[in-house]
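Protein chains in written order, with the numbering used here: chain A, 3 to 496; chain B, 17 to 238.
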């Protein structure tokens, strides 16, 4: 019989309560003897290498940059958090000191929770340092809004869960291989969560914090909807409680009724929270400006955020953008001017350009020319800055000009999510010609090959673009209605 | 009673010669060395990695096609390399270094043998399923990452040497998504890429040399 097998002696009735100071001392001891700080140089290098670099590639928009916390920084952390937590959880068994520490005054579960808490506190400290750097730099660049805290809270909750799972794995399976296997398992979980969230195989994939990169204008025109974040927090905290309770249940049997009851209550509360979150996520529906969970939704978040637009001039027309895009206004006016100059005074040509929110649910993203006088409602889903996703000044120019030209010639039905470009060959040729005149290159087929439909369109576009500007403008003024109706063929183009 | 008062024991009869292969000093030394490095446990953990790889291939856990599909196999290869790296940890430290004449050969045999076993197990796990990159990819990626783990074990000790392959794996995930072309990010290169194979081979040889000559650093355990 070992000391751990020996029955616990009943607590004397006259024994005083343990001093809370001793618990603090224990926590301080665990903080000093924790392996997590050893990981900080590595995590700092990974943070600079990917999350920070990626965030700096995004425009200076708070919600967009905050998305790297869940999509980049969290995956960097999870493997090391799980591994180190497993290492700390298996410490007593690895050092063969389990019998020794079991005989100490504190219940073993309390001591284990203290070790887990110390590990998690170090993790949180490291994560918050990265958040501080990211938000600090963004604060010096952003011209609108403030730091979003929901992604920080969700990320910390996931790290606490990973830490609890790793710690439990280390406690129950103490071995030198537990740490690398826990790291492997945590990253696998993260990767699969991301795969399901991106693929959206079911609504429950919303429970994964890592998901697609949001639009640039998230949180600018409408409030960030915290519904999903609240459900994720409930789910992650609930599972953390369950993991910690499971950690205590085997020991609680020997420790008396109070720890046993506490472990059971914590486990039930955790299960209830996680189950409720799963149930709520099942009711989620995707709307234009975010995902709504009816039971958690605050109607006040549906109201647009008031702002005073910032305006510039492009070919004599006012171009107005959200104040957060103030720094990109010169680039936008410079990109739109060459197209606006070609279509000015033509029927249906916009007299003003207003930036609107990106709507991912429709192929045009909400772009339209509406009203009298016509106003171009232009969603801007990128910036001229170079990003790791291949966006740069060239793609930004191309997006703005092609959106304007498509709307002017074909209308909102000219945007397609997938497949060949919409519009008749005649319409496509005129679009290409306008873009070519604006400075956007036209792709043509390989020489010596049988001409395809695309080649015929490109040839007609070059022919049309080669006309004098005044003649082209006059032809458009005469034939624009027929062109928009799809009645102009390639052969009818001058 | 003092030691001076003790009688010397009678000389014992010559010990009987060992019977059986494992009773001989050579195989016994090998067996004890493998046991001290928890090689049976490592083999079980590697078999678990192979099972996860098989499950991932059967149930299509991979993300998309092309380089995205490589993310999961690379993760599992990093896991296998991490397991090999932590076997470098010695429970004896300096006494073993001071007395073990055959220690470098035992370390070399353990590292190479475990790498071969890991390759065999992962290749078996991927057998008859479509593994992006094929078995050549497993060999190159895992050998290179094992080298990283063994090098780190020589620097910071075997206990936390798993962090090396894991950190490299995370960097590699970016390389896979971003289509990096550097041969030092060998998992992002095609299986027959000579530069990537050379880089991975160099790192593996460096790791094996470090593991053979120095072994894992005896570090203060946290």
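All C-beta atoms, glycine included, are put in the ideal place defined by N, C-alpha and C.
Let me see if you follow: with CB-CB separation under 8 angstroms, is residue i close to chain D or not?
{"i": "residue 236/A", "result": "Absent from the structure: chain D. Protein chains present are A and B."}
Taking all protein chains shown into account, decide if residue i is buried (16 or more other Cβ within 10 angstroms of its Cβ) or exposed.
{"i": "residue 460/A", "result": "buried"}
{"i": "residue 315/A", "result": "exposed"}
{"i": "residue 229/A", "result": "buried"}
{"i": "residue 455/A", "result": "exposed"}
{"i": "residue 483/A", "result": "exposed"}
{"i": "residue 451/A", "result": "Confidence at residue 451/A is low in this model, with a pLDDT of 48, below 50, so the placement of that residue should be treated as unreliable; the coordinate-derived value is given next. The residue is exposed, with fewer than 16 neighbouring Cβ atoms inside 10 Å."}
{"i": "residue 218/A", "result": "buried"}
{"i": "residue 261/A", "result": "buried"}
{"i": "residue 42/B", "result": "exposed"}
{"i": "residue 148/B", "result": "buried"}
{"i": "residue 2/A", "result": "This structure does not reach residue 2/A, given that chain A is present from 3 up to 496, and the question cannot be answered."}
{"i": "residue 41/A", "result": "buried"}
{"i": "residue 449/A", "result": "At residue 449/A, the pLDDT of 45 sits below 50, so the modelled position is not reliable; the number obtained from the coordinates is stated separately. Exposed, because fewer than 16 other Cβ atoms sit within 10 Å of the Cβ of residue 449/A."}
{"i": "residue 30/A", "result": "exposed"}
{"i": "residue 146/B", "result": "exposed"}
{"i": "residue 197/B", "result": "exposed"}
{"i": "residue 324/A", "result": "buried"}
{"i": "residue 195/B", "result": "exposed"}
{"i": "residue 152/A", "result": "buried"}
Could you tell me whether the Cβ atoms of residue i and residue j are closer together than 8 angstroms?
{"i": "residue 211/A", "j": "residue 160/A", "result": "yes"}
{"i": "residue 177/B", "j": "residue 154/B", "result": "no"}
{"i": "residue 69/A", "j": "residue 294/A", "result": "no"}
{"i": "residue 207/A", "j": "residue 237/A", "result": "no"}
{"i": "residue 96/B", "j": "residue 134/B", "result": "yes"}
{"i": "residue 479/A", "j": "residue 434/A", "result": "no"}
{"i": "residue 89/B", "j": "residue 69/B", "result": "yes"}
{"i": "residue 32/A", "j": "residue 116/A", "result": "yes"}
{"i": "residue 346/A", "j": "residue 317/A", "result": "yes"}
So, helix, strand or coil for residue i, using DSSP?
{"i": "residue 497/A", "result": "Any property of residue 497/A remains undetermined from this structure, which presents chain A solely from 3 to 496."}
{"i": "residue 252/A", "result": "helix"}
{"i": "residue 378/A", "result": "strand"}
{"i": "residue 35/A", "result": "coil"}
{"i": "residue 234/B", "result": "coil"}
{"i": "residue 219/B", "result": "helix"}
{"i": "residue 408/A", "result": "helix"}
{"i": "residue 465/A", "result": "helix"}
{"i": "residue 306/A", "result": "strand"}
{"i": "residue 212/A", "result": "coil"}
{"i": "residue 371/A", "result": "strand"}
{"i": "residue 80/A", "result": "helix"}
{"i": "residue 292/A", "result": "strand"}
{"i": "residue 323/A", "result": "strand"}
{"i": "residue 59/A", "result": "helix"}
{"i": "residue 206/A", "result": "helix"}
{"i": "residue 499/A", "result": "Residue coverage of chain A in this structure runs from 3 to 496, which leaves residue 499/A outside it and unanswerable."}
{"i": "residue 40/A", "result": "helix"}
{"i": "residue 492/A", "result": "coil"}
{"i": "residue 198/B", "result": "coil"}
{"i": "residue 393/A", "result": "coil"}
{"i": "residue 48/A", "result": "helix"}
Whole-angstrom Cβ separation of residue i and residue j, contact assumed at under 8 angstroms?
{"i": "residue 162/A", "j": "residue 91/A", "result": "About 14 angstroms separates the two Cβ atoms, so there is no contact after all."}
{"i": "residue 338/A", "j": "residue 356/A", "result": "Not quite, the Cβ-Cβ distance comes to about 12 angstroms (not below 8 angstroms), so this is no contact."}
{"i": "residue 217/B", "j": "residue 170/B", "result": "That pair is no contact at about 18 angstroms."}
{"i": "residue 222/B", "j": "residue 152/B", "result": "Rounded, the Cβ-Cβ distance is 21 angstroms, inconsistent with contact."}
{"i": "residue 232/B", "j": "residue 179/A", "result": "15 angstroms between Cβ atoms; not a contact."}
{"i": "residue 220/B", "j": "residue 162/B", "result": "6 angstroms"}
{"i": "residue 38/A", "j": "residue 103/A", "result": "Not a contact, Cβ separation roughly 20 angstroms."}
{"i": "residue 192/B", "j": "residue 203/B", "result": "7 angstroms"}
{"i": "residue 226/A", "j": "residue 340/A", "result": "No, residue 226/A and residue 340/A are not in contact; Cβ-Cβ is about 36 angstroms, not under 8 angstroms."}
{"i": "residue 126/B", "j": "residue 49/B", "result": "7 angstroms"}
{"i": "residue 350/A", "j": "residue 376/A", "result": "6 angstroms"}
How is the alpha helix (DSSP H) around residue i delimited, first residue to last?
{"i": "residue 180/B", "result": "179-194"}
{"i": "residue 121/A", "result": "110-143"}
{"i": "residue 289/A", "result": "Not the alpha helix (DSSP H): residue 289/A falls in the beta strand (DSSP E), residues 287-289."}
{"i": "residue 75/B", "result": "First-last for residue 75/B: undefined, no H or E at that position."}
{"i": "residue 99/B", "result": "87-102"}
{"i": "residue 157/B", "result": "150-172"}
{"i": "residue 417/A", "result": "First-last for residue 417/A: undefined, no H or E at that position."}
{"i": "residue 481/A", "result": "471-487"}
{"i": "residue 427/A", "result": "427-440"}
Just reading off the beta strand (DSSP E) that residue i is part of, what are its end residues?
{"i": "residue 218/A", "result": "Run containing residue 218/A: none; DSSP gives neither H nor E here."}
{"i": "residue 357/A", "result": "354-358"}
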